[in-house]
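Peer 1: With my numbering applied, the first sequence covers 6 to 478.
The beta-carbon is built from N, C-alpha and C at its ideal position, and this holds for glycine as well.
Below you will find the structure I want to go over with you.
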Amino acid sequence: MVTTRIAPSPTGDPHVGTAYIALFNHVWARKNGGRFIVRIEDTDRARYVPGAEERILEMLRWLGLDYDEGPDKGGPHAPYRQSERLPLYRRHAEELLQRGLAYRAFETPEELEQIRKEKGGYDGRARNIPPEEAEARAAAGEPHVIRLKVPRPGTTEVKDELRGTVVYDNQEIPDVVLLKSDGYPTYHLANVVDDHLMGVTDVIRGEEWLVSTPIHVLLYRAFGWAVPKFYHMPLLRAPGGAKLSKRTGHTSVDYYREEGILPEALLNFLALMGFSMPDGRELFSLSELIEAFSWERVHLGGPVFDTEKLRWLNGKYIREVLTLDELAERAKPFLARAGLDWKSDAYLRRVLELMRPRFETLKEFVEKADYFFTDDYRFEEKALKEIQKGAEILKELKTLLSSLPDFRQETTEPALKAFAEERGLKLRQVMQPLRAAITGRLATPGMYEMLEVLGKDAVLRRIERALAQLGPG
RNA sequence: GGCCCCAUCGUCUAGCGGUGAGGACACCGCCCUCUCAAGGCGGAGGCGGGGGUUCAAUUCCCCCUGGGGUCACCA
């Protein structure tokens, strides 16, 4: 059975790169009717950030990337948090030690720094310590690490399913640390041990891991385990071209969520980073992606994470994919957070219907449509000028509008047009002051629709308030 | 710098020897129009360079260049 996993570290905000890799792992597992596992790699006590794990899991829930096994769900290979599996790694490291495939090294960080300076990297000098001596020093409590004894000379072949086979000269592979002096495993050891024990068959991860894959291959071989398939996805780039990072742009999924990006849109956009549909379609759901997915359609060039297109896609979901009902539900938390209230769900849906083509994120909706939810909206500078210019017209409009039997479009449209014509005014000369008065701004949905939605009372009140903005005189 | 990966419009990409190099975002113009959008139509814009292979290269091979990754007791 195809088994994939993501192995995020709880070291900070939930990263879009994690979401990106999670997406392809999820897709591949689902496509093959396999399993998708979430494993937390919290083996770096120095970089550990409390709460980060929960935020990563919440991100996955939000995105709808469901997994079969994980720290919060359990599963046949529990625990799914590496800090809770320490004895396992120690046992495996010791096994390699006993079989002469690893060795204890006692250099201090300072000594290592010195060796690095002189030799360009660790030179494997602790290989020369006689095993008995090493065991004695270890038994005496001397701090040390366990390192992999990379076979030298030799070569190691690594097969990446997307790029083919690469042969590494073992000279290029360092005797990496497997077990740190604090008893925690390094990524290399923990990752290989867990992937094997958890039955992971397909390792889909970022390209940053490509060059350390020979280490992993060597480990699988040392343990006598089957080597999984490796797929290294291109790294998401920042607009400058460098790997996406906190310095170069927004990397937190929470940021996009708070901006009002929809999870479907983010997922769709992430899929477009490297993958393309056979028919060129750019708007598609997760299940459509699973249906059509194929590694042959994955492009290896590092894609730039371009927020412009993400926003466009989000707008596309807002106006073409979500129902008004769904959209309303998504918008509510954003309105609430802004302290805005809505009369009724029906009213909110109607406003959303009018505003839909005019915003690309939910945050933008709240910013641009505040006047639908409060009479206490602000007046933009330009709107104020328009009101001033059209003060006389507004006064007359107030009379006209208050005389109308209702505010249905069939009523207001002919009335306003006739009004403009009688006075020899362009329609916009009438509309702009009115628009400015009842919304505080110059860019809004169509007038007739707005009048109907806002209603006669509110509109008349608003005209009154707008004129009052001009002050006496 | 060593090693590794990658390379089509500004950006995301299609292409898998013979195409007027296609689409999308962004940009520009026009249409629609009460404003702003959305939408429709049109435009501008690309195969990094040099060698091969071939009747024929964007496409296959090599070199260069460029970009990225990696060289920790971080993942």
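Quick one: what's got a C-beta closer than 8 Å to residue 259's C-beta in the same chain, skipping five residues either side?
Peer 2: 18, 19, 60, 64
Peer 1: CB residue 2 to CB residue 27, shorter than 9 Å?
Peer 2: Here the chain comprises residues numbered 6 to 478, so residue 2 is not present and cannot be evaluated.
Peer 1: Does DSSP put residue 82 in a helix, in a strand, or in coil?
Peer 2: coil
Peer 1: Do residue 210 and residue 238 count as a contact pair if the criterion is CB distance below 9 Å?
Peer 2: Yes, the Cβ-Cβ distance between residue 238 and residue 210 is below 9 Å.
Peer 1: To which residues does DSSP link residue 257 through a beta bridge?
Peer 2: 20
Peer 1: Would you mind giving the Cβ-Cβ distance between residue 364 and residue 340, rounded to the nearest angstrom? I have them listed as a contact below 8 Å.
Peer 2: At roughly 13 Å, the Cβ-Cβ gap does not stay under 8 Å, so residue 364 and residue 340 are not in contact.
Peer 1: Count the C-beta pairs between the segment 151 to 163 and the segment 95 to 115 that are closer than 8 Å, then say yes if the count reaches three, no if not.
Peer 2: yes
Peer 1: Looking only at C-alpha atoms, which of 432, 295, 391, 267 sits nearest to residue 338?
Peer 2: 267
Peer 1: Which full runs of the beta strand (DSSP E) of 3+ residues lie inside the segment 88 to 129, going along the chain?
Peer 2: 107 to 110
Peer 1: With respect to the alpha helix (DSSP H) encompassing residue 392, which residues constitute its N-terminal and C-terminal limits?
Peer 2: 386 to 394
Peer 1: Would you tell me roughly how many angstroms separate the C-alpha atoms of residue 170 and residue 208, rounded to the nearest one?
Peer 2: 15 Å
Peer 1: Could you give the first and the last residue of the continuous beta strand (DSSP E) run that contains residue 238?
Peer 2: 234 to 238
Peer 1: Taking buried to mean at least 16 other C-beta atoms within 10 Å of its own C-beta, is residue 176 buried or exposed?
Peer 2: exposed
Peer 1: Once the 5 residues before and after residue 254 are set aside, which same chain residues still bring their CB inside 6 Å of it?
Peer 2: Only 243 meet the Cβ criterion.
Peer 1: Identify, in the order they occur along the chain, each residue of the same chain with its Cβ nearer than 8 Å to the Cβ of residue 410, setting aside the five sequence neighbours on each side.
Peer 2: 416
Peer 1: Taking only the alpha-carbon atoms, compute the straight-line gap between residue 394 and residue 336 and give it to the nearest angstrom.
Peer 2: 35 Å
Peer 1: May I ask which residues mark the beginning and end of the alpha helix (DSSP H) holding residue 320?
Peer 2: 312 to 321
Peer 1: How far does the alpha helix (DSSP H) with residue 453 in it reach, from first residue to last?
Peer 2: Unbroken alpha helix (DSSP H) run through residue 453: 452 to 459.
Peer 1: Can you give the Cα-Cα distance for residue 467 and residue 345, rounded to whole angstroms?
Peer 2: 18 Å
Peer 1: So, at 6 Å on beta carbons, what are the nonlocal neighbours of residue 6 in its own chain, with the 5 sequence-adjacent residues on each side left out?
Peer 2: 39
Peer 1: Can you grab the Cα-Cα spacing for the pair residue 216 / residue 288, in whole Å?
Peer 2: Computed Cα separation, rounded: 34 Å.
Peer 1: Kindly indicate which three-state DSSP category residue 376 falls into: helix, strand or coil?
Peer 2: Three-state DSSP puts residue 376 in a helix.
Peer 1: Given a cut-off of 9 Å, decide if residue 31 and residue 93 are closer than it, judged by their beta-carbon atoms.
Peer 2: no
Peer 1: Can we say the segment 435 to 443 touches the segment 384 to 392, given the rule of at least three CB pairs closer than 8 Å?
Peer 2: yes
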